[in-house]
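All remarks here apply to the structure that follows.
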Amino acid sequence: TLDYNRKDEL
Amino acid sequence: MNIFRLLGDLSHLLAIIILLLKIWRTRSCAGVSGKSQILFALVFTTRYLDLFTNFISMYNSAMKLIYLVCSYATVFLMYFKFKATYDSNHDTFRMEFLVVPVGGLAFLVNHDFTPLEILWTFSIYLEAVAILPQLFMISKTGEAETITSHYLFALGSYRALYIVNWVFRFYTEGFFDLIAIVAGCVQTILYCDFFYLYITKVLKGKQLTLPA
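Heads up: the protein sequence lines correspond to chains A and B, in order.
Numbering-wise (the numbering used here), the first sequence opens with residue 1 and increments by one.
Numbering-wise (the numbering used here), the second sequence opens with residue 1001 and increments by one.
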């Protein structure tokens, strides 16, 4: 799983 | 960034601008649910708390600011400047029926039990159901102005395009966020009957009327 906290979406 | 997400963001921006212009130029918010607009302002507020701490890109920060400013401006126009045209008799959906369960769910199902993450999760769940007061209001009045139906079509299309973006990102980057995906699917499904009416009626130049 990837880092969920890569909140790069609006 | 991919074309689906860009088109989704532009569709979302278009929806927000359409509504703001409709209210500003007609000086009326008839047929628009103020409760949905309050919920959207809450969605952006709880989602973009990292606006100043987590810089992604100029585009990301600019869009977040635009969404926040426009959503609060819309609420302000509806509840203050053009309050006389706000149709509170038909905008009767109980917001607490949405905020409380969504708040509880955000505490139970999230990726990380930290304030910022729970607020982000709350905003994702809330956005999925925030349109319900608006759809409920249209079902009560039995019709919607054409401009309002264009607003709803753009708003519904934005999250549908995001779903395509998530599929694309899964296959190209292996990235996926199940919370956002499930909530995004629920959100898009809520628009399905509206999409059907929009395509069969509004695109043929008819008024959007719901079967009473």
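We put the CB at the ideal spot given by N, CA and C, even for glycine.
No experiment lies behind these values; they were computed from the predicted model shown.
Query raised in the report: With distances taken from CA atoms, which of B/Thr1092, B/Ser1071 and B/Glu1173 is nearest B/Thr1045?
Result: On the second sequence, residue 1045 of chain B is found 45 positions in, with the first residue counted as 1. With distances taken between Cα atoms, B/Thr1045 lies closest to B/Ser1071.
Report task. Indicate whether the contact test is met: 3 or more Cβ pairs, each with one atom in the stretch 1169-1183 of chain B and one in the stretch 1020-1034 of chain B, closer than 8 Å. Result -> No: the two stretches stay apart, fewer than three of their Cβ pairs being nearer than 8 Å.
Query raised in the report: How about B/Lys1064: is its C-beta nearer than 8 Å to some C-beta of chain A?
Result: Counted from its first residue, the second sequence places residue 1064 of chain B at position 64. At least one C-beta of chain A is nearer than 8 Å to the C-beta of B/Lys1064.
Query raised in the report: Are the CB atoms of B/Ala1015 and B/Tyr1151 nearer to each other than 8 Å?
Result: Locating residue 1015 of chain B in the second sequence gives position 15, where the first residue counts as 1. Locating residue 1151 of chain B in the second sequence gives position 151, where the first residue counts as 1. Yes; because the gap between Cβ atoms is below 8 Å, this pair is in contact.
**Report entry** Boundaries (first-last residue) of the alpha helix (DSSP H) holding B/Ile1199
**Finding:** The residue given as residue 1199 of chain B occupies position 199 in the second sequence. B/Ile1199 -> alpha helix (DSSP H) spans Cys1192 to Thr1200.
Query raised in the report: Are B/Leu1210 and B/Gly1142 close, meaning C-beta to C-beta below 8 Å?
Result: Taking the second sequence and counting its residues from 1, the one referred to as residue 1210 of chain B is at position 210. Taking the second sequence and counting its residues from 1, the one referred to as residue 1142 of chain B is at position 142. Yes, Cβ-Cβ distance for B/Leu1210 and B/Gly1142 is below 8 Å.
Query raised in the report: What are the partner residues of B/Thr1209, as DSSP defines its beta bridges?
Result: To locate residue 1209 of chain B, count along the second sequence from 1; it is residue 209. Answer is B/Glu1143.
Query raised in the report: Quick one: is B/Met1137 buried, meaning 16 or more other Cβ sit within 10 Å of its Cβ, or exposed?
Result: If you number the second sequence from 1, residue 1137 of chain B lands on position 137. Answer is buried; the Cβ neighbour count reaches 16.
Report task. Closer than 8 Å by beta-carbon distance: list the chain A residues that pair up with B/Trp1024, in chain order. Result -> Taking the first residue of the second sequence as 1, we reach residue 1024 of chain B at position 24. Correct list: empty, because the minimum Cβ distance to chain A is about 23 Å.
Requested in this report: Take B/Ala1105 and list the residues in its own chain whose beta-carbon comes closer than 7 Å to its own, dropping the five residues that flank it on each side.
Outcome: Within the second sequence, numbered from 1, the residue matching residue 1105 of chain B stands at position 105. Here residue 1105 of chain B is Leu; the residue named in the question, Ala, does not match the sequence. Within the same chain, Cβ atoms closer than 7 Å to the Cβ of B/Leu1105 are found at Tyr1125, the five residues on either side in sequence being excluded.
Query - Inter-residue Cα distance where the pair is B/Leu1049 and B/Leu1116 - result: Looking up residue 1049 of chain B in the second sequence gives position 49. Looking up residue 1116 of chain B in the second sequence gives position 116. Approximately 8 Å between the Cα atoms of the pair.
Query raised in the report: What residue range is occupied by the uninterrupted alpha helix (DSSP H) comprising B/Ser1088?
Result: The residue you call residue 1088 of chain B lines up with position 88 of the second sequence. No alpha helix (DSSP H) holds B/Ser1088; DSSP gives it neither H nor E.
Query raised in the report: Does the distance from the CB of B/Leu1190 to the CB of B/Tyr1198 come in under 8 Å?
Result: Working through the second sequence from its first residue, we reach residue 1190 of chain B at position 190. Working through the second sequence from its first residue, we reach residue 1198 of chain B at position 198. Contact flag unset, no.
Requested in this report: Quick one: which residues of the stretch 1007-1018 of chain B get their C-beta closer than 9 Å to a C-beta of chain A? List them in chain order.
Outcome: Gly1008, Asp1009 and His1012
Query raised in the report: Can you find a C-beta in chain A that's less than 8 Å from the C-beta of B/Arg1002?
Result: Reading the second sequence from its first residue, position 2 is the one you call residue 1002 of chain B. Arg is not the amino acid found at residue 1002 of chain B; the sequence shown has Asn there. By this cut-off, B/Asn1002 is not an interface position.
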